[in-house]
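Position 148 of the sequence shown, counting from 1, maps to 862 under our numbering, and the rest follow consecutively.
Built from N, CA and C at the ideal position, the CB exists for glycine as well.
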Amino acid sequence: MFYYEERYAVIIVGYYGDEQHYKWFTNDAQRQYNVLTEKYGFNDSEIYVLVTLKEEWVDNLSMDPAIIDYNATEDNIIIIFDYLKNIVTKNDLLYVVVINHGNDDHHINFWKLKIFIDFVQGIFAHDTYFVLEKIKKVNNKELNNEGNLAFYHKNNKIDNKIYDYELNDYTKDITARRFIFVLQPCFAGGFINDLSNKNHVVITASKEVQLAFAPFIGEFYYGLEGYANDSNNDGRLSLGEVYEYTANRIFEIIKNNPEENMGQPQHPLIDDNGDKIGHHYSNLGYDTNNKYKDGYVAARIYNLSYEDANLNNLNFEKLN
Ligand SMILES: [Ca+2]
Ligand SMILES: [Ca+2]
Ligand SMILES: [Ca+2]
Ligand SMILES: [Ca+2]
């Protein structure tokens, strides 16, 4: 068994859109913070919380603002990851969670017409992104309209979006022994081809062509909190078991209430073999006993604890 020397976590909460999501997203950030500190023993100084408060929605703020470190701006995200580049070593764990809406440039017509048109087929074609809450004010008025426009148009001059390739650019030079991404946005599967690497585990709320309206991150937290099933009966919960629990819960929720995801399927994916392709646990590409397939590494990581499997057969050098 390998023990990490240090562990770090980054919690990013983006564009809310409405007050209900403000309530949900800030609550999710607090739950993530709580499970890190209470269940996994993180110190506050090891957790970077990026949240932009909305003063007008104070009644629905569902977190302790004292845990917030920075506004969730693209500049601050770059600063945090630049800082981590200098302090994270190949003996450390880095965990990044994104709580946000998401979109994909190729799916604009879905939102307009309410029918699904996938213009560009193929995993490498998808430029998925999440949006950050605007905090820029002009004449003391927040630019709500421009914030909304930025959500839909790639070439909007206001750059408050984090594209999949940008998140990779900002994080790619960080050398952690284990780098875990958990991404809640709709279409988050489109992040996998960009973030995939040999020492990376990328877990997404849905495939790149799917909405993610069912409560993925809430179920993931239940899993981390200990509700997942110890399917291999080793007395421990692995990250893979938490992923399987979450994906199975989403399957059950949508089976019982298809309207949870507007009548569409939602398949949380995992990629932990660095081949740029994510798989659902029901897919043939997922096999916890085959080291070449997705699921093998995650089945040997004990979530966010200090213990990491001693996978000497894996190469921790970054891929180009
Ligand atoms: Ca950007
Ligand atoms: Ca992509
Ligand atoms: Ca287990
Ligand atoms: Ca894979």
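Three or more beta-carbon pairs separated by less than 8 Å link the stretch 881-894 to the stretch 914-927, which places the two stretches in contact. Between residue 782 and residue 763, the C-beta spacing is below 8 Å. Short note on residue 875: C-beta closer than 7 Å to some heavy atom of ligand 1. By the C-beta criterion, the stretch 923-931 is judged to be in contact with the stretch 969-985, since at least 3 inter-stretch pairs fall below 8 Å. Within the stretch 946-997, the complete beta strand (DSSP E) runs of at least 3 residues fall at 983-985.
Here residue 880 carries a helix assignment [DSSP, helix/strand/coil].
Excluding the 5 residues flanking it on each side, residue 933 has same chain C-beta neighbours closer than 6 Å at 960 and 963, in chain order. Using a cutoff of 7 Å, the CB of residue 774 does not count as near ligand 2, since none of the ligand's heavy atoms is closer than that. Taking 8 Å as the cut-off, the Cβ atoms of residue 816 and residue 910 do not count as close.
For the 8 Å CB-CB criterion, residue 733 and residue 774 form a contact. Here the distance from the Cβ of residue 842 to the nearest heavy atom of ligand 2 is below 7 Å. Sequence-distant Cβ neighbours of residue 731 in its own chain, meaning closer than 7 Å and more than five residues away, are 815. At least one heavy atom of ligand 4 sits closer than 7 Å to the Cβ of residue 992. Not one heavy atom of ligand 4 lies closer than 7 Å to the C-beta of residue 1017. Closest by C-alpha distance to residue 1005, out of 750, 912, 937 and 717, is 912. Residues of the same chain with a CB within less than 7 Å of the CB of residue 902, apart from the 5 flanking positions on each side, are 816, 842, 918, 919, 920 and 926 in chain order. The nearest non-hydrogen atom of ligand 4 is less than 7 Å from the C-beta of residue 989.
By the C-beta criterion, the stretch 746-758 is judged not to be in contact with the stretch 786-804, since fewer than 3 inter-stretch pairs fall below 8 Å.
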